[in-house]
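Asks:
In the UniProt record's numbering, the protein residues as written are 1 to 111.
#1: State the DSSP-derived secondary structure class of residue 40, mapped to helix, strand or coil.
#2: Taking the beta carbon of residue 44 as the centre, do at least 16 other beta carbons fall within 10 Å, making it buried, or is it exposed?
#3: Please classify residue 59: does DSSP put it in a helix, a strand, or coil?
#4: Anyone know if the C-beta pair for residue 88 and residue 48 falls short of 8 angstroms?
#5: When the Cα of residue 56 is compared with those of 67, 50, 46, which residue comes out closest?
#6: Residue range of the alpha helix (DSSP H) that residue 77 falls in?
#7: Would you check if the distance between the CB atom of residue 18 and the CB atom of residue 34 is smaller than 8 angstroms?
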């Protein structure tokens with residue numbers, strides 16, 4: 001989980017209180033984390049994806065819908081609904097990109 005602080009393991013998969021959130025229609029997320037050799041290999045080889053969760057269909061600026069999430073009924077569906085996803089791809093210079101128009105400078109280029 002690409003949280004703003006703390007744990008990034010699968011245990012934080014629904015830590016919506018620590019997910020980055022835009023102040024408008026876009027945001028810039030930067031954080032350095034250490035990954036295992038297997039995860040780094042999967043990223044380099046195009047076998048890793050990023051899923052961005054969180055939608056605001058009523059444009060209220062908050063996750064305030066009444067429908068519960070099917071992943072965790074204590075959370076609103078808006079907070080856990082996938083908004084976009086894409087696979088990582090290696091760019092020249094060791095940067096990574098996503099097919100979402102998101103640049104991720106993880107420094108995991110081919111060696």
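Don't be surprised by glycine CBs; every beta carbon is placed ideally from N, CA and C. All values derive from a computational prediction rather than experimental measurement.
Replies: According to the structure data:
#1: Mapped onto the chain shown, residue 40 falls at position 40. Assignment of residue 40 by DSSP, reduced to helix, strand and coil, places it in the helix class.
#2: Position 44 of the chain shown, counting from 1, holds the residue named residue 44. Result: buried.
#3: Residue mapping note: residue 59 aligns to position 59 of the chain shown, counting from 1. Three-state result, residue 59: coil.
#4: Indexing the chain shown from 1 puts residue 88 at position 88. Indexing the chain shown from 1 puts residue 48 at position 48. In contact: residue 88 and residue 48 (Cβ atoms closer than 8 angstroms).
#5: Here residue 56 corresponds to residue number 56 of the chain shown, with the count starting at 1. Taking only the C-alpha atoms, the option nearest residue 56 is 67.
#6: The residue you call residue 77 lines up with position 77 of the chain shown. Where residue 77 is concerned, the enclosing alpha helix (DSSP H) stretches over 77 to 80.
#7: Residue mapping note: residue 18 aligns to position 18 of the chain shown, counting from 1. Residue mapping note: residue 34 aligns to position 34 of the chain shown, counting from 1. Not in contact: residue 18 and residue 34 (Cβ atoms no closer than 8 angstroms).
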